[in-house]
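Start counting at 1 in the sequence shown, then tack on 465, and there's your number in our numbering.
By construction, the Cβ of each residue, glycine as well, lies at the ideal position given by its N, Cα and C atoms.
All figures in this text were calculated on a predicted structure; none of them were measured in a lab.
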Amino acid sequence: MNSLICGDDIKRIKLQLAPASVVIGWSHGEITQSETINYRTHKPERGGLYAEEIFGPESDYECACGKYKGKKYEGITCEKCHVLVTDSSVRRVNMGHISLASPVIHFWFLKGVSSLLNRLLGMKKKELQRIAYYETEPSEQMLYVVTTSKCKEIHCGETLYESEYAILVDAFPFSVEPAYYVEDAPRILADEGGKVMIEERHLTNGEKMSAVVIGSQEYPIIGDIDLLVEEGDKVSAETVIAERPVDEVCSETGFEMLSTRYGEAIKGEKIMEFVDSLTFLVTRVKNSEVPLKTGDRLTYLEKRAYERVYPDGFVAMTGAAGIKGLLKSLDLDELHRSLNDELQSNVAAGNRRRLIRRLEVVDQLRGSGNNPQDMVLDVVPVLPPSLRPMIQLEGGRFATTDVNDLYRRIINRNNRLKKLIDMGAPEVILRNERRMLQEAVDALIHNEKKETPIRGRDNRPLKSLSERLHGKHGRLRRNLL
466 MNSLICGDDI KRIKLQLAPA SVVIGWSHGE ITQSETINYR THKPERGGLY
516 AEEIFGPESD YECACGKYKG KKYEGITCEK CHVLVTDSSV RRVNMGHISL
566 ASPVIHFWFL KGVSSLLNRL LGMKKKELQR IAYYETEPSE QMLYVVTTSK
616 CKEIHCGETL YESEYAILVD AFPFSVEPAY YVEDAPRILA DEGGKVMIEE
666 RHLTNGEKMS AVVIGSQEYP IIGDIDLLVE EGDKVSAETV IAERPVDEVC
716 SETGFEMLST RYGEAIKGEK IMEFVDSLTF LVTRVKNSEV PLKTGDRLTY
766 LEKRAYERVY PDGFVAMTGA AGIKGLLKSL DLDELHRSLN DELQSNVAAG
816 NRRRLIRRLE VVDQLRGSGN NPQDMVLDVV PVLPPSLRPM IQLEGGRFAT
866 TDVNDLYRRI INRNNRLKKL IDMGAPEVIL RNERRMLQEA VDALIHNEKK
916 ETPIRGRDNR PLKSLSERLH GKHGRLRRNL L
């Protein structure tokens with residue numbers, strides 16, 4: 466006879482990180498629908514949060530469709546409804562899981578008081594959170610125009626931000642000038658009649674241009690401007706040559722030349738833009754020639770420039786996927802040695818405290834046998850339905866626990882993200898959906914600690930799993946101990 470464990474016999478409780486494989490091992494099936502029960506039949510929906518084929522039958526020894534009834538059929542799985550015939554008490558034990566379309570970071574390690582994740586990675590807490598939630602950081606950048614290029618990788622006329630230019634200029638032979646935005650340009654009309662001649666010329670900076678010659682007058686044209694006249698045409702005065710002499714963006718030399726020719730009719734200014742850029746983490750370097758190392762942070766513009774110079778030479782990601790890739794590349798033993806070596810050298814007091822705290826986290830992980838990448842979730846476990854019940858009230862309405870609403874939010878956002886990925890949606894849309902999925906899982910784990918907690922109809926923050934565990938009335942102290 467099995468004896469129950471008394472609370473006084475428990476000396477300590479050890480928490481460990483559960484890999485996705487372990488969570489799936491606990492689970493009896495994947496939950497793919499956010500529905501709970503059918504409000505007409507009052508039976509659980511298939512694939513939903515109360516599904517009998519996952520959590521077990523609602524009635525003792527009876528499958529969902531009623532084909533098998535009675536203890537004599539115990540252990541048989543119904544071929545029609547796929548429900549295992551067994552005691553309904555398994556609904557207090559059987560767990561399910563949600564397979565996430567995109568990884569998310571566990572809230573405790575991302576925003577918890579101990580800040581384990583940012584200590585382990587040696588990053589500032591705000592920077593780590595900005596990466597996890599796909600937040601952008603603005604930076605003021607000058608825009609340049611490529612005037613000449615002696616390589617196929619860089620094209621004349623394309624524009625580069627200064628952070629891109631700083632990387633590309635060391636790899637490819639090309640020249641640039643500050644870009645000008647031409648906000649106002651005149652319509653080009655012939656001053657006199659005559660035969661049209663079109664000549665290809667170069668500016669003093671080597672940039673190509675066209676000159677439309679009619680009689681004694683020349684009309685310089687820069688960029689991909691559609692001419693309304695052709696070589697050899699005979700035109701009269703006031704004939705329209707082009708709608709404008711230049712594109713909206715041109716080089717500094719081109720703007721000065723046009724200003725000399727057309728005077729105050731040309732108006733423009735140098736382009737300085739505030740660029741919102743994501744932060745990417747270098748998770749893998751494939752080529753020794755790449756001047757990057759694992760853990761480096763790149764802005765989107767820097768990442769784009771390095772990819773042009775070293776295609777397939779490295780991997781850089783953002784969001785939880787980037788943080789997981791960085792955690793996967795960590796060698797805790799090597800990191801332990803390098804931190805110890807750094808501590809032996811003369812370091813400032815502030816840096817020394819930071820290194821000691823980081824070393825403590827590394828040693829704790831090494832001693833516990835936990836894998837750091839398990840701080841990032843690919844699978845969310847779902848509690849047995851009897852631990853998050855639905856109760857029918859008078860008038861046919863149902864009352865449910867807050868956890869069900871939080872699970873439902875995760876499933877809906879996860880399904881929407883899967884659909885958008887299958888549709889090939891733009892990356893900017895996918896990033897927003899991944900951020901929303903991260904926030905939904907945050908709410909399930911610790912909704913009360915979120916800056917903007919998810920609230921119910923009564924404007925009360927929904928009660929999360931962490932809230933159900935802690936305190937005198939939590940599951941641990943009230944029910945288990």
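C-alpha distance - residue 769 paired with residue 745, whole-angstrom precision: 11 Å
Nearest-angstrom Cα separation, counted from residue 808 out to residue 941: In this predicted model, residue 941 has a pLDDT of only 48, less than 50, meaning its place in the structure is not dependable enough to derive any value.
Backbone secondary structure at residue 524 - three-state DSSP: Here residue 524 sits in coil by DSSP.
Residues near residue 765 by beta carbon distance below 6 Å, same chain, minus five either side: 742, 743
Spatial neighbours of residue 553 in its chain, beta-carbon cut-off 7 Å, leaving aside the 5 residues before and after: 521, 522, 523, 524, 525
Beta bridge counterpart(s) of residue 625 as assigned by DSSP: The partner list for residue 625 (beta bridge, DSSP) reads 609.
From 750, 902, 759, 822, residue whose alpha carbon lies closest to that of residue 795: 759
Top-ranked residue by Cα proximity to residue 667, from 530, 680, 621: 621
Pairwise C-alpha distance: residue 530 and residue 865: 25 Å
Cβ pair residue 871, residue 905 closer than 9 Å: yes
Residue(s) in a DSSP beta bridge with residue 561: 847
Secondary structure, beta strand (DSSP E): runs of 3+ residues fully inside the region 819-904: The qualifying runs are 841-847, 855-857, 863-865.
Residues bridged to residue 733 [DSSP beta-bridge criterion]: Partner(s): 647.
Backbone CA spacing between residue 927 and residue 913 [nearest angstrom]: Pairing residue 927 with residue 913, the inter-Cα distance amounts to about 8 Å.
Residue 562 burial status per 10 Å Cβ neighbour count (16 or more: buried): buried
Same chain only: Cβ atoms within 6 Å of residue 874, ignoring 5 sequence neighbours per side: 905
Helix, strand or coil at residue 741 according to DSSP, with G and I counted as helix: strand
Min CB distance residue 793 to chain B below 9 Å: Going by chain labels, chain B is absent from the structure shown, which holds only one protein chain.
For residue 686 and residue 663, the rounded distance between their alpha carbons: If I take the Cα positions, the gap works out to 10 Å.
Residue 669 versus residue 735: straight-line alpha-carbon distance, rounded: 19 Å
Assigned secondary structure, residue 550 (DSSP; H/G/I helix, E/B strand, else coil): coil
Assigned exposure category for residue 929 - 16 Cβ within 10 Å defines buried: buried
Buried versus exposed, by CB contacts within 10 Å (16 or more), residue 603: exposed
Inter-residue Cα distance where the pair is residue 716 and residue 737: 14 Å
Reduced DSSP secondary structure (H/G/I, E/B, other) of residue 498: coil
Element boundaries [alpha helix (DSSP H), containing residue 725]: For residue 725, the enclosing alpha helix (DSSP H) covers residues 717-727.
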